[in-house]
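Q:
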Amino acid sequence: MGEGIHIDALGPTGPYRSRHRRPLTSLSGAQIGEISQVPALYVRRTIAAMRAAPVLPGAQRFDALDAAAELFLTASLGGFGPQEYVDLVSTASGVPRAVVRQSVEWIADVLRSQRTTVELAMPRGAVGDWRDERTSEGSAVWARRGEVFAVHAAGNTPAVHGLWPEALALGYKVVVRPSAREPYTALRLVEALRQAGFPPATVTLLPTDHDVADVIIAEADYAIVYGGQDVVDKYGASPTVITQGPGRSKILVTADVDWREKIDIIADSVSHLGGTACTCASAVLVEGDPEPLARALAERLGRIPSLPADHPDATLTVQPTASVIEVDQYLHKVAGDARALLGGDTIVDELASGGAVLRPAVHLVDSSGAAQLGVELPFPCVWVGPWQPADGIAPLRDSLVLTAMTTRAELIDALLDEPSIINLYLGDNPTTWLRPGIPHDGYLGEVLMRTKGMIRTAVGPAAA
Amino acid sequence: MSSPVLDLPRAGQPAVDPDEYIAALMRWHFTASTGSPFWLRRARSLDFDPIADVRTFADLRLFPNVVDEFRDVGVEDLIPRGLTGEDRVIAGVYESGGTTGSPKRFVMFDRWMEFALGWDEFHYADLGPANVLAVAPSGPHMFGEFAARRARRHDGVRFTVDLDPRWIKRLIERDGPGAADLYAEHIIDQAAHILTTQAVGILITTPPLLERMARRDDLVALIRKNVRFICWSGAHMDADTREIFQAEVFPGIPLKGLYGSTTILGMSRERPGEGLDGLALFDPPSPYVVFRVVDPDTGEDVALGDRGQVVMNHLTKYALIPNNLERDHAVAVEPPPGWLGCSVADVGPVATFDDHAVIEGVY
Chain A
1088 MGEGIHIDAL GPTGPYRSRH RRPLTSLSGA QIGEISQVPA LYVRRTIAAM RAAPVLPGAQ
1148 RFDALDAAAE LFLTASLGGF GPQEYVDLVS TASGVPRAVV RQSVEWIADV LRSQRTTVEL
1208 AMPRGAVGDW RDERTSEGSA VWARRGEVFA VHAAGNTPAV HGLWPEALAL GYKVVVRPSA
1268 REPYTALRLV EALRQAGFPP ATVTLLPTDH DVADVIIAEA DYAIVYGGQD VVDKYGASPT
1328 VITQGPGRSK ILVTADVDWR EKIDIIADSV SHLGGTACTC ASAVLVEGDP EPLARALAER
1388 LGRIPSLPAD HPDATLTVQP TASVIEVDQY LHKVAGDARA LLGGDTIVDE LASGGAVLRP
1448 AVHLVDSSGA AQLGVELPFP CVWVGPWQPA DGIAPLRDSL VLTAMTTRAE LIDALLDEPS
1508 IINLYLGDNP TTWLRPGIPH DGYLGEVLMR TKGMIRTAVG PAAA
Chain B
240 MSSPVLDLPR AGQPAVDPDE YIAALMRWHF TASTGSPFWL RRARSLDFDP IADVRTFADL
300 RLFPNVVDEF RDVGVEDLIP RGLTGEDRVI AGVYESGGTT GSPKRFVMFD RWMEFALGWD
360 EFHYADLGPA NVLAVAPSGP HMFGEFAARR ARRHDGVRFT VDLDPRWIKR LIERDGPGAA
420 DLYAEHIIDQ AAHILTTQAV GILITTPPLL ERMARRDDLV ALIRKNVRFI CWSGAHMDAD
480 TREIFQAEVF PGIPLKGLYG STTILGMSRE RPGEGLDGLA LFDPPSPYVV FRVVDPDTGE
540 DVALGDRGQV VMNHLTKYAL IPNNLERDHA VAVEPPPGWL GCSVADVGPV ATFDDHAVIE
600 GVY
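From first to last, the protein sequence lines are chains A and B. Residue numbers 1088 to 1551, in our numbering, belong to the letters of the first sequence in order. Residue numbers 240 to 602, in our numbering, belong to the letters of the second sequence in order.
1. Helix, strand or coil, according to DSSP, for P446 of chain B in the structure here?
2. For the segment 386-418 of chain B, which residues have a beta carbon sitting closer than 9 Å to at least one beta carbon of chain A?
3. Kindly indicate which residue of A:Q1124, A:G1091, A:S1113, A:T1112 has the alpha-carbon position closest to the one of P1102 of chain A.
4. Which residue from B:L448, B:V459, B:V371 puts its Cα closest to that of V439 of chain B?
5. In chain B, which residues lie less than 9 Å from H1093 of chain A when you measure between Cβ atoms?
6. Closer than 8 Å between beta carbons: that is the criterion. Which residues of the segment 1126-1157 of chain A meet it against chain B?
7. Just checking: is the beta-carbon of R1484 of chain A within a distance shorter than 8 Å of some beta-carbon in chain B?
8. For D540 of chain B, does the three-state DSSP call read helix, strand or coil?
9. DSSP three-state call for D394 of chain B: helix, strand or coil?
10. Which residues in the same chain as N1516 of chain A place their Cβ atom closer than 8 Å to its Cβ, once the five residues preceding and following it in sequence are excluded?
11. Under the three-state reduction of DSSP, which class applies to P1126 of chain A: helix, strand or coil?
12. Are the beta-carbon atoms belonging to T1518 of chain A and V1471 of chain A less than 8 Å from one another?
13. Using only the heavy atoms of the ligand NAP, determine whether one of them is closer than 7 Å to the beta carbon of P1252 of chain A.
14. Could you tell me the boundaries of the beta strand (DSSP E) in which T1330 of chain A lies?
15. Look up Y1103 of chain A in the DSSP assignment and say whether it is helix, strand or coil.
16. Are the beta-carbon atoms belonging to G1430 of chain A and V1449 of chain A less than 8 Å from one another?
17. What's the gap between the Cα of E338 of chain B and the Cα of G538 of chain B?
18. Note down the Cα distance separating M1088 of chain A from Q485 of chain B, rounded to an integer number of angstroms.
19. Strictly below 9 Å CB to CB, what residues from chain B border S1115 of chain A?
20. Determine the extent of the beta strand (DSSP E) in which T469 of chain B is found, giving its start and end residues.
21. Check whether the Cβ atoms of V1173 of chain A and V1302 of chain A lie closer than 8 Å to each other.
22. Tell me the rounded alpha-carbon separation between L237 of chain B and F382 of chain B.
23. Are there 16 or more other CB atoms within 10 angstroms of the CB of F521 of chain B, so buried, or fewer, so exposed?
24. Tell me whether E513 of chain B sits in a helix, a strand or coil according to DSSP, three-state version.
25. List the residues of chain A that R454 of chain B touches, going by C-beta distances under 8 Å, in chain order.
26. Residues in the same chain with beta-carbon distance under 6 Å from T1178 of chain A, minus the five sequence neighbours each way, listed in chain order, please.
27. G587 of chain B CB to nearest chain A CB: under 8 Å?
28. Measuring alpha carbon to alpha carbon, tell me which residue in B:D545, B:S507, B:P493 is nearest L366 of chain B.
29. Should R1106 of chain A be flagged as near chain B, meaning a C-beta pair shorter than 8 Å?
30. Going along the chain, which residues of the segment 457-484 of chain B sit with their C-beta nearer than 8 Å to a C-beta in chain A?
31. What residues in its chain sit with their C-beta under 7 Å from that of R1108 of chain A, if we drop five residues either side in the sequence?
32. State the beta-bridge partners of K495 of chain B as determined by DSSP.
33. So within the segment 1245-1305 of chain A, which uninterrupted beta strand (DSSP E) runs reach at least 3 residues, ignoring any that extend past its ends?
34. Can you confirm whether E334 of chain B, when its beta carbon is compared against all beta carbons of chain A, has any partner nearer than 8 Å?
35. Between T1538 of chain A and P1210 of chain A, how many whole angstroms is the CB-CB distance? I'm expecting something under 8 Å.
36. So, with DSSP's three-state summary, where would you put T338 of chain B?
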């Protein structure tokens, strides 16, 4: 089609429209445009050109990231003004407008915070630049382990694009493979970064099919890959791939804390960003009888209205009806003997404007070992179950975020020592709490950088 | 017994009448004095009489696909008894398959091979003397012999490398794709040595190997400097990749595809001029080799412009291999006027679409 939206590659020498393209569709299934699908040969040539390109000096990188934040918030980029962009993401990919706005603010915050983030992530023994005087006495220098960082993005919320700017700040060149469902944020961010001063060969956008996406990951030095458990299984063993799979974030409420005061925080943890973030709580474990908490949670979540994604008050995600029905069927299958307190009949709420809302679901399980507690689905879907100290921390393992509502210091020590709990929040903090500079899954620098020892004597006039 | 209509064409000779050709072909292969032991024996278990019932190209569909039987049959049984003299000179025995089971064997006759080789001769018309480098399957594959004969036509020699696709397949089964990667790089290393030290004018290879060569700047420079013709075959080349090769990697060097199979003992040639949305179009040498494209579910021919599974036919006095359903899928394309069957474009594996199975997680 000649009309409509075109999402093309942004390569090192400019935009590239491939002959092989796939349709971009709205929630009703109508085609609204096309997205290029570049071949492996283009990927390899692009990454080779990126490797050959010089690294933008540190000071310029941070200035460009600042400038990109402003452009991302306010400029017309890739043919879309800021409002048009928000409308497009909500109408085409079903992310609620308010969620898009929040995500945009978050990404801009991330871009503006990189000076600090990089400082915070760097080991104290290291300097960021070998020219630092400390190397004359001998010190560590923080150095890149590679040159090219690949991003295999997801489309559930634009906020996923808040992680990878850290790689640009560290001096990596970044190649972004956008989501086919929501490529608009990736395009907008890459355009903003380029207009802000990153040369085209330092940040590229390569839409591809799944096979060629593997080529991007294989060719880059490091990659971050968003996906389901299948992606975690596929890349989990690779030391150069950071997987962002199911978060299985959880909340624990022990008996010394009155959950009634915390129910809003718990409900927010489940429904924040329409339940589509990996930080959203998918399980709540309660010391004592979990049923009253589960009922209160179902009551709160049940109040959230079903609205079209572009409605100002919408918070629930909208997807093509067929996809929502599949999710509903899957939910019924995995729910098994769990007691449904909300959404047990159906989570599908079809909209006249196209697509269907994914309504929240609350289920009660009878044991802290129930398999359902590990099931994370892309909408506000939470499993509530009992916990007692004798169960230990096993039921709390494998959590991107665990919010522990407890006063028991020994338990907190044990949770912090558990390697499969990635972030530990205490008290009145939802699992979805985020701040630029505070790691989400460690700092990227922990993977992308290393220290190198350096001692130097004067080597003539300073090079720069 | 041999009808002149079955003789391979000479320059300027008018096209044969298709029905007359098919009828003569049936008489040849199913008459005791001229047919091969294989077909004479096989005819007894057919539920139709080939000579009486097969009068047109469409009637050939009565035949079962017999290529699986070529895995076990002795090659002597495949030689039509009517072939004599120059017609009876054998160029070689070549194999198909073998990566997915035991191989099927086919007898290649010298005269037919020269005709098959000449099918895309016009692409090479202005090339003059040249050596050939074939970076392609060796061993019992016809690819290598075609490359050797191509070199002879250009008063050159053929350089080659050892490449065993069956071993690659075994490696992948055992060690995953990384093993194939290592093997492929080993192949490219060998090709690089030849390209560096020898004057190679014609490069014959597969798209994946050509792409691997394109990853090495030094090889790209050598190819640009010396190679005057690139011939690819044996795999799919999508329109975008073809365009990048032509415009950016090897600008100005003719890049021509062949689409063939041992089961037809030859190839179809790339049609000159603009293809289908950037894709090469392949014309087989009708009526000797004829393609159809069918709906894999019904077996019926798809409409021109539609995609389906390729059915190949080899129809000469040297061999009869009808109705062979290939694994490849392709788009059926209007053939040149008067030709049997169809031409094809966008040959490749079965098109698959993304599954929508629910996978846990939010992404």
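Even for Gly, the Cβ is constructed at its ideal location relative to N, Cα and C.
A: According to the structure shown:
1. Locating residue 446 of chain B in the second sequence gives position 207, where the first residue counts as 1. In the structure shown, P446 of chain B sits in a helix (DSSP, three-state: H, G or I).
2. none
3. For this step, residue 1102 of chain A is matched to residue 15 along the first sequence. If we check each option's Cα against that of P1102 of chain A, A:Q1124 comes out closest.
4. Locating residue 439 of chain B in the second sequence gives position 200, counting from the first residue. Of the listed residues, the one whose Cα sits closest to V439 of chain B is B:V371.
5. Here residue 1093 of chain A refers to the residue found at position 6 when the first sequence is read from its first residue. Under the 9 Å cutoff, chain B gives no residues; its nearest Cβ is about 15 Å from H1093 of chain A.
6. P1126, A1127, L1128, Y1129, R1131, R1132, A1135
7. In the first sequence, counting from the first residue as 1, residue 1484 of chain A sits at position 397. No, no contact with chain B.
8. Position 301 of the second sequence, counting from 1, holds the residue named residue 540 of chain B. The answer is strand: DSSP assigns D540 of chain B an E or B state.
9. On the second sequence, residue 394 of chain B is found 155 positions in, with the first residue counted as 1. Three-state DSSP puts D394 of chain B in coil, outside helix and strand.
10. The count along the first sequence starts at 1 and reaches residue 1516 of chain A at position 429. The answer, listed in chain order, is I1352, T1490.
11. Along the first sequence, one-based indexing puts residue 1126 of chain A at 39. DSSP places P1126 of chain A in coil when its eight states are reduced to three.
12. Residue mapping note: residue 1518 of chain A aligns to position 431 of the first sequence, counting from 1. Residue mapping note: residue 1471 of chain A aligns to position 384 of the first sequence, counting from 1. Against a cut-off of 8 Å, the Cβ pair of V1471 of chain A and T1518 of chain A comes out as no contact.
13. Among the components of this structure there are no ligands whatsoever, and the ligand NAP is therefore not found.
14. Your numbering for residue 1330 of chain A matches position 243 in the first sequence. Residues 1328-1331.
15. If you number the first sequence from 1, residue 1103 of chain A lands on position 16. DSSP places Y1103 of chain A in strand when its eight states are reduced to three.
16. Indexing the first sequence from 1 puts residue 1430 of chain A at position 343. Indexing the first sequence from 1 puts residue 1449 of chain A at position 362. Their beta carbons are under 8 Å apart, which means G1430 of chain A touches V1449 of chain A by this criterion.
17. Looking up residue 338 of chain B in the second sequence gives position 99. Looking up residue 538 of chain B in the second sequence gives position 299. A small fix is needed here, since residue 338 of chain B is Thr in this sequence, not Glu. Distance between the alpha carbons of T338 of chain B and G538 of chain B is about 25 Å.
18. As a first step, residue 1088 of chain A is located in the first sequence; it is residue number 1 there, counting from the start. As a first step, residue 485 of chain B is located in the second sequence; it is residue number 246 there, counting from the start. Caution is warranted here: a pLDDT of 40 is assigned to M1088 of chain A, below 50, making its placement in the model unreliable, and no coordinate value can be reported.
19. For the purposes of this step, residue 1115 of chain A is taken as residue 28 along the first sequence, with counting starting at 1. Near S1115 of chain A there are no residues of chain B at all, since even the closest Cβ is about 16 Å away, more than 9 Å.
20. As a position in the second sequence, residue 469 of chain B is number 230, starting the count at 1. With the sequence shown as reference, residue 469 of chain B is identified as Ile, and Thr is not the correct amino acid for it. Element bounds for I469 of chain B: 468-472.
21. Residue numbering aside, residue 1173 of chain A sits at position 86 when the first sequence is read from its first letter. Residue numbering aside, residue 1302 of chain A sits at position 215 when the first sequence is read from its first letter. Result no, Cβ atoms of V1173 of chain A and V1302 of chain A do not sit closer than 8 Å.
22. Chain B is shown only over 240 to 602; residue 237 of chain B falls outside these bounds and no answer can be derived.
23. For the purposes of this step, residue 521 of chain B is taken as residue 282 along the second sequence, with counting starting at 1. With 16 or more other Cβ atoms within 10 Å, it is buried.
24. Position 274 of the second sequence, counted from the start, is the residue given in the question as residue 513 of chain B. Here E513 of chain B sits in coil by DSSP.
25. The count along the second sequence starts at 1 and reaches residue 454 of chain B at position 215. In chain order: R1131, A1135.
26. In the first sequence, the residue the question calls residue 1178 of chain A occupies position 91. Correct list, in chain order: D1397.
27. Walking along the second sequence from the start, residue 587 of chain B turns up at place 348. It does not: the Cβ of G587 of chain B has no partner Cβ on chain A nearer than 8 Å.
28. Start at 1 with the first residue of the second sequence, and residue 366 of chain B comes out as number 127. Among B:D545, B:S507, B:P493, the Cα nearest to that of L366 of chain B belongs to B:P493.
29. Translated into positions along the first sequence, residue 1106 of chain A becomes position 19. Yes, contact with chain B.
30. D477, A478, D479, T480, E482, I483, F484
31. Translated into the one-based positions of the first sequence, residue 1108 of chain A becomes position 21. So the list reads E1121, I1122, S1123, Q1124, once near-sequence residues are dropped.
32. For this step, residue 495 of chain B is matched to residue 256 along the second sequence. DSSP, once it has assigned bridges, lists B:C470 as partnering K495 of chain B.
33. 1260-1264, 1290-1292
34. The count along the second sequence starts at 1 and reaches residue 334 of chain B at position 95. For E334 of chain B, the answer is no, since every Cβ of chain A falls outside 8 Å of its Cβ.
35. Here residue 1538 of chain A is taken as the residue at index 451 of the first sequence, counted from 1. Here residue 1210 of chain A is taken as the residue at index 123 of the first sequence, counted from 1. T1538 of chain A to P1210 of chain A, Cβ: 6 Å. Contact.
36. For the purposes of this step, residue 338 of chain B is taken as residue 99 along the second sequence, with counting starting at 1. It is coil, neither helix nor strand.
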